[in-house]
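To start, the structure under review is shown below, and the notes come after it.
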Amino acid sequence: MDGVTSIVVEPCDPLDGCVDIGGAKNSVLKLMAATLLSGSGHVHRLVNVPAIADVGTMAELLGSIGCDVTRPATEGVVELVRPEHLATDLSASAPSRLVSRIRASTALLGPLLAREGQVTLPAPGGDDFGRGARPISMHTDALETLGATWEFTDGPSGAVVHGEVPGGRLHGGDVRLPYPSVGATENVLMAAVLAAGRTTIINAAQEPEIADLAAMLNRMGAHILGAGSRVIEVTGVDALQPVKHAVVPDRIEAATYLAAVAVAGGEVRLRNADHRHLAVIIERLGDTGVRVAPDRGGVWVRAEPGRRQPTDLQTLPYPGLATDQLPLLVATLVTATGTSYVTENVQTGRFAYVEELRQMGASIEEHGHHLVVRGVDRLSGGQTVEATDIRAGAALVVAALGAGGPTRVEGAEHLERGYAGFVEQLRSIGADVAVLAP
Ligand code: EPU
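Have a look at this one:
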């Protein structure tokens with residue numbers, strides 16, 4: 046879907062067939078960053094790497110600080126080798142379009158501090174859900190507990206964060222996060238594995254991507270206990286080794302195809318999806334009449350064609366319902382047989398897609414971080430709507446599968462950031478979707 050700007054979605058018959066779930070975007074970007082923690086010349090091999098634009102952006106970002114990132118011919122494999130010394134000033138080495146393009150650039154804070162003793166980063170970007178820059182104070186405060194000092198300045202092209210480690214090596218400490226931030230937990234983990242002494246992270250994020258990062262770091266020789274729970278213990282080591290690691294399956298990509306079946310009806314198998322990471326969404330879809338079950342190393346989903354029952358939703362840090370899955374579920378509830386009450390607790394400004402769904406005929410009231418979704422018979426066709434971020438775009442395509450006529454989703458290039466072969470996979474299970482080249 047290179048350079049795509051629009052996807053046209055026609056109404057379709059119930060879906061049928063198999064899709065492949067790739068490695069998680071929100072894990073692989075941090076795994077790539079974590080390879081910086083080992084010695085120079087080590088060859089790290091990541092497998093089950095999704096063919097998505099954010100991986101390319103992260104590879105370019107790592108390349109700009111001196112890392113050698115290659116994709117051998119084997120599909121889904123990326124190899125990374127770091128040099129003796131990395132450049133640490135991303136505001137100088139990396140084109141700002143790279144840093145501003147993905148939020149995961151923040152994941153370089155921990156590794157660069159731990160290995161090089163300093164880091165300079167332009168204010169990070171990624172999806173801001175319409176609210177401007179996303180804060181990183183939880184990252185910087187936590188790393189300060191391990192001995193980093195920070196300076197925030199306003200450069201000619203925006204805010205710049207500069208961190209240093211007086212004495213060169215971070216030390217362990219008790220980090221109590223005010224909120225279980227995914228990115229802050231990851232940064233502390235990556236910093237603590239090479240720090241002198243023991244670190245305890247209290248109120249850590251418990252997402253599967255955290256456990257994946259810790260598993261890879263442990264395979265590199267780190268000593269991490271408790272990743273995936275609220276308290277993580279890290280005992281610092283002096284050096285880490287090269288690693289081969291398979292990226293955890295993407296639970297948000299999986300949720301996208303579950304939602305597509307919920308809207309269009311049908312029976313689809315999601316190869317390589319991990320049902321254990323989908324427990325809440327499986328339960329909520331169950332409320333609406335959609336059946337999901339583990340199946341031969343993946344997940345099976347079945348829904349009768351027609352309208353779903355309403356259900357109430359609220360997002361929470363894992364193991365609660367993921368904020369990234371909410372727009373997809375809302376897309377299934379807009380044609381439910383009653384009213385659903387929805388609360389977004391994690392990314393509270395994340396409702397840009399709601400206006401687009403309304404334009405397609407949905408009846409949704411917005412009250413702060415709550416939505417009241419009154420199911421209508423069918424969304425109208427013939428609309429052009431705008432994807433403002435990856436998940437909003439996916440949700441609009443999913444909603445359009447059940448509309449009364451063709452829908453054009455513009456801004457579809459956002460989808461390339463996080464979905465590999467989205468249009469192709471939807472077509473392979475019978476959806477009538479087409480890409481309009483720019
Ligand atoms: N927050 C702060 N201060 C901080 C850090 C976070 O106020 O210092 C706030 C954020 O603004 C947000 C909330 O805390 O409102 C949660 O942020 P968190 O740090 O947990 O999220 P993140 O690490 O920035 C990752 C994913 C997001 C996903 C969230 C929550 C990556 C690259 N991004 O972001 O994924 O929504 O966790 O699960 O891992 C996506 O894939 O579409 C996406 C946006």
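In this text, residue positions in the sequence shown follow the working numbering: the first is 46, and each later residue adds one. Where is the CB? At the ideal position from N, CA and C, for every residue including glycine.
(request) State the CB to CB distance for the pair L81 and L131, rounded to an integer number of angstroms; the pair is presumed to be in contact (CB under 8 Å). (result) 6 Å
(request) Going by CA-CA distance only, name the one from I409, A397, A241 that's closest to V387. (result) I409
(message) For a quick check, are the C-beta atoms of I181 and L222 less than 8 Å apart?
(response) no
(request) Run the proximity test for D65: is its beta-carbon closer than 7 Å to any non-hydrogen atom belonging to ligand 1? (result) no
(message) Quick check: what's the CA-CA separation for L154 versus G192?
(response) 13 Å
(request) Grab the span of the beta strand (DSSP E) containing Y386 for me, first residue to last. (result) 384-388
(message) ligand 3 and T429: does the residue's C-beta get closer than 7 Å to at least one heavy atom of that ligand?
(response) Looking at this structure, you won't find ligand 3 anywhere; what it does contain is ligand 1.
(request) Alpha carbon to alpha carbon, how far is H320 from A348? Give it in angstroms, no decimals. (result) 17 Å
(message) I'd like the ranges of any beta strand (DSSP E) spanning at least 3 consecutive residues and lying wholly in the stretch 309-342.
(response) 311-316, 336-340
(request) Please find out if some non-hydrogen atom of ligand 1 comes closer than 7 Å to the beta-carbon of P180. (result) yes
(request) Would you identify the three-state DSSP class for G150, choosing helix, strand or coil? (result) Correcting the residue type first, residue 150 is Ser in the shown sequence and not Gly. If DSSP states are grouped into helix, strand and coil, S150 belongs with the helices.
(request) Name the two residues that bound the continuous beta strand (DSSP E) containing L416. (result) 415-419
(message) According to DSSP, P294 sits in a beta bridge with which residue or residues?
(response) G68
(request) Taking the CB atoms as reference points, tell me whether D477 and R436 lie closer together than 8 Å. (result) no
(request) Would you tell me roughly how many angstroms separate the C-alpha atoms of D257 and S72, rounded to the nearest one? (result) 7 Å
(message) Starting from R221, trace the beta strand (DSSP E) in both directions and tell me its first and last residue.
(response) 219-221
(message) Our contact map puts A299 next to L373 with C-beta atoms below 8 Å; I'd like the distance itself, whole angstroms only.
(response) That belief does not hold up - the Cβ atoms of A299 and L373 are roughly 10 Å apart, past 8 Å.
(message) For a cutoff of 8 Å on Cβ pairs, would you count G351 as touching chain B?
(response) Protein chains in the displayed structure number just one, and chain B is not present.
(message) If the criterion is Cβ atoms closer than 8 Å, does the pair M183 and S226 meet it?
(response) yes
(request) Assign G217 to one of two classes, buried (16 or more other C-beta atoms within 10 Å of its C-beta) or exposed (fewer than that). (result) buried
(request) For T165, name the three-state secondary structure that DSSP assigns. (result) strand
(request) In angstroms with no decimal places, state the Cα-to-Cα distance between P451 and A241. (result) 60 Å
(request) For D61, write down the residues that DSSP places opposite it in a beta bridge. (result) E312
(message) Taking the straight line between their C-alpha atoms, what separation do you get for R176 and R462?
(response) Residue placement at R176 cannot be trusted, given a pLDDT of 41 that sits under 50; what the coordinates show is reported in the next sentence. For R176 and R462, the distance between alpha carbons rounds to 20 Å.
(request) Please classify F467: does DSSP put it in a helix, a strand, or coil? (result) helix
(request) List the endpoints of the continuous alpha helix (DSSP H) containing I110. (result) Premise fails: I110 is in no alpha helix (DSSP H) and is neither H nor E.
(request) Consider the C-beta atom of V391 and the heavy atoms of ligand 1; say whether any pair is separated by less than 7 Å. (result) yes
(request) Report yes if the C-beta of N18 is less than 7 Å from at least one heavy atom of ligand 1; otherwise report no. (result) Outside the modelled stretch of the chain, which goes from 46 to 483, sits residue 18, for which no answer is possible.
(request) Below 8 Å on the Cβ atoms is my guess for G343 versus A324; work out the distance and round it to an integer in Å. (result) With 8 Å as the limit, G343 and A324 do not qualify as a contact, their Cβ atoms being about 15 Å apart.
(message) If you measure between the beta carbons of E400 and T360, is that distance less than 8 Å?
(response) no
(message) Is Y302 near ligand 1 - that is, is its Cβ less than 7 Å away from at least one heavy atom of it?
(response) no
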